[in-house]
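If you're matching them up, the sequences are chains A and B in order.
Counting along the first sequence from 1, when you hit position 41 you're at 40 in numbering that gives the first Met the number 0, and nothing is skipped either side.
Counting along the second sequence from 1, when you hit position 2 you're at 1 in numbering that gives the first Met the number 0, and nothing is skipped either side.
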Amino acid sequence: MAGLPQPADPLRHSHGLEQFFASLGGQEGLRVLDLGEFTQANVIFITSLGHRLYSEDLQQALEQTFGAGEPAVAQSDPQRVQQFLGQVLQFPREHFDAVLVWDTLERLSRPILEVVMERLFLILRPKAPLLACFHAESREDTLPAYGFRIADGKSLQIHSKGRQKLAQSFNNRGIEKLFDRFHSVKFFLTRDHLREVIVRR
Amino acid sequence: MWNRRKEEEFTIKPTPQPPTSASLAREGIPMSTLPARNPEFESGRSASIGKSVILKGQLFSREDLYIDGEVEGLVEMQEHLLTVGPNGKLAAGVKARDIVVLGTIHGNVEVGDKIEIKKDAKLVGDIKTVRIVIEDGAYFKGSIDITRAETSKAQPTRAPQSAASPSPATPAASAAAESKR
């Protein structure tokens, strides 16, 4: 598709990422949760800022529990849903100073999403930033899947991981409603048809 | 003539046996009371636990160790390299100078210098290390704490490139690794 990043795409500026790290205010020793791919780039960057990184690849957890089938169907098995929810985001209240969600929320069916949102709210400290990405609204059956690698505090390298069906899509109003318990929601539209959303708990 | 050659060809020559301690004692040749060592294992090879071995308890080592079996408990080897082979499964706390993971570790890991988590490896637990190298495809769940090295050769932890040694996990190599998928 025109405008979508190719595997060898160079770095691109990310307003969402810039705001995310700016809101950490140059502090050290914070607890940052990354719910995306476990990569050298993200680990090194975040730990080089003096923070402790927690990694939990939600996409991998989904695939291990539900397989690689269509999310709306695969995630309808109540037993597997309980199994998945029993192992993800098991952290104490207000444990994290920041969380990188990337595009994982789009892959969760509604019942799972509701529980995950509740847990994200509980495990974040007040005013903690959360960065999420959502595809721009599309009528296509499948959408590109991406991996996100932090190059620096303002730049991302986004690599394509093929195409897949999402569990659900969101318009802007839907995203606002998703985060209605949170303090604030700010949108940035990118040229690769993603919406970067910075949320404050 | 042909028959003689056949006898020569088929004569089984006895293989020389190593001298027994009794024969050495008779000849007055000094001998060690320690078991005979095979120089092949001393020349750089580490101790190893094979894939059919299951060990439960505390394991302390004063040499490099390769584990391809199952270990449950604690593995401690502060000054040496631990390699967890592709069949290796550790349900244990681990302390080592360096660790290379090709298999699975469930447990907290404390590393004096560097940990490498290879493609297809799985690590669930908290990591405390000076340096970390991650190959694409590795699975990790837990926390990572980069500590400052105490020795003068330690790399500073704030510079992004200093926490990684030249390895397949550098960006160029990562791209190369991805192209193999």
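No residue lacks a Cβ here, since even glycine has one placed at the ideal position from N, Cα and C.
Just so you know, these numbers come straight off a predicted model, no measurement behind them.
Check: Once you ignore the five residues that flank residue 64/A on each side, which residues in its own chain have a CB closer than 7 Å to its CB?; Outcome: 79, 82, 83
Check: What does residue 141/B reach in chain A if we use C-beta pairs closer than 9 Å?; Outcome: 53, 54, 55
Check: Assuming contact is defined by CB atoms lying nearer than 9 Å, are residue 59/A and residue 108/A in contact in what I supplied?; Outcome: no
Check: What number of angstroms, rounded off, separates the C-alpha of residue 56/B from the C-alpha of residue 16/A?; Outcome: 46 Å
Check: Taking 8 Å as the threshold, find out whether the region 131-138 of chain A comes into contact with the region 188-197 of chain A through three or more Cβ pairs.; Outcome: yes
Check: Please state the DSSP three-state secondary structure of residue 4/B.; Outcome: Low local confidence applies: a pLDDT of 48 at residue 4/B is under 50, so the model's placement there is unreliable, with the coordinate-based value given in what follows. If DSSP states are grouped into helix, strand and coil, residue 4/B belongs with the helices.
Check: Would residue 200/A pass as a contact of residue 120/A if the rule is Cβ separation under 9 Å?; Outcome: yes
Check: Give me the subset of the region 111-137 of chain A whose CB atoms are less than 9 Å from a CB atom of chain B, sorted by chain position.; Outcome: none
Check: Hey, does residue 208/A have any beta-carbon neighbour from chain B nearer than 9 Å?; Outcome: As shown, chain A starts at 0 and ends at 200. That puts residue 208/A outside it, with no answer to give.
Check: Got a sec: is the Cβ-Cβ distance from residue 36/B to anything in chain A below 9 Å?; Outcome: With a pLDDT of 45 at residue 36/B, under the threshold of 50, the modelled position of that residue is not reliable, and the figure given next carries that caveat. So, not an interface residue.
Check: With a threshold of 6 Å on Cβ separation, who are the neighbours of residue 98/B within its own chain once the five nearest residues in sequence on each side are excluded?; Outcome: 81, 110, 114
Check: Check for me: the alpha helix (DSSP H) holding residue 42/A runs from which residue to which?; Outcome: 39-47
Check: Quick one: what's got a C-beta closer than 7 Å to residue 92/B's C-beta in the same chain, skipping five residues either side?; Outcome: 73, 106, 107
Check: Is the beta carbon of residue 139/B less than 9 Å from the beta carbon of residue 133/B?; Outcome: yes
Check: Is residue 60/B closer than 9 Å to residue 75/B when the C-beta atoms are compared?; Outcome: yes
Check: Looking at the strands, I want to know which residues DSSP matches up with residue 82/B.; Outcome: 65/B, 99/B
Check: Suppose you measure from the CA of residue 156/A to the CA of residue 118/B; what does that come to, to the nearest Å?; Outcome: 20 Å
Check: Opposite residue 158/A in the DSSP bridges: which residues?; Outcome: 146/A
Check: Hey, residue 52/A and residue 142/B: beta-carbon distance below 9 Å or not?; Outcome: yes
Check: Taking the continuous alpha helix (DSSP H) assigned at residue 77/A, which residues delimit it?; Outcome: 77-84
Check: Could you tell me the distance, in whole angstroms, from the CA atom of residue 46/A to the CA atom of residue 95/A?; Outcome: 15 Å
Check: Would you list, in chain order, the members of the region 62-86 of chain B that have their beta-carbon closer than 7 Å to a beta-carbon of chain A?; Outcome: none
Check: How many Å lie between residue 149/A and residue 47/B at the Cα?; Outcome: 38 Å
Check: Give a yes or no on whether the minimum CB-CB distance between residue 114/B and chain A is below 9 Å.; Outcome: no
Check: When the Cα of residue 69/A is compared with those of 170/A, 158/A, 142/A, which residue comes out closest?; Outcome: 142/A
Check: Count the other C-beta atoms from every protein chain shown that fall within 10 angstroms of the C-beta of residue 183/A, then say buried if there are 16 or more, exposed otherwise.; Outcome: exposed
Check: Please report how far the alpha carbon of residue 62/B lies from the alpha carbon of residue 125/B, in whole angstroms.; Outcome: 24 Å
Check: Which of the residues in the region 91-112 of chain A, read from start to end, lie with their CB under 7 Å from any CB of chain B?; Outcome: none
Check: For residue 77/B, does the count of other Cβ atoms within 10 angstroms reach 16, so buried, or fall short, so exposed?; Outcome: exposed
Check: Please report whether the beta-carbon of residue 158/B lies at a distance below 9 Å from any beta-carbon of chain A.; Outcome: With a pLDDT of 42 at residue 158/B, under the threshold of 50, the modelled position of that residue is not reliable, and the figure given next carries that caveat. Closer than 9 Å: yes.
Check: In terms of alpha-carbon separation, which member of 180/A, 145/A, 135/A lies closest to residue 163/A?; Outcome: 145/A
Check: Going along the chain, which residues of its own chain have a beta-carbon closer than 6 Å to the beta-carbon of residue 114/A, five neighbours each way excluded?; Outcome: 84
Check: Below 8 Å on the Cβ atoms is my contact criterion, and I expect residue 83/B with residue 101/B to pass it. Report the Cβ-Cβ distance as a whole number of Å.; Outcome: 6 Å
Check: Starting from residue 131/B, find everything on chain A with Cβ-Cβ shorter than 7 Å and list it in chain order.; Outcome: 42
Check: Please return the same chain residues whose Cβ sits closer than 6 Å to the Cβ of residue 85/B, not counting the five positions on each side in sequence.; Outcome: 101, 102
Check: Residue 66/A: which of 44/A, 106/A, 122/A, 14/A sits nearest, CA to CA?; Outcome: 106/A
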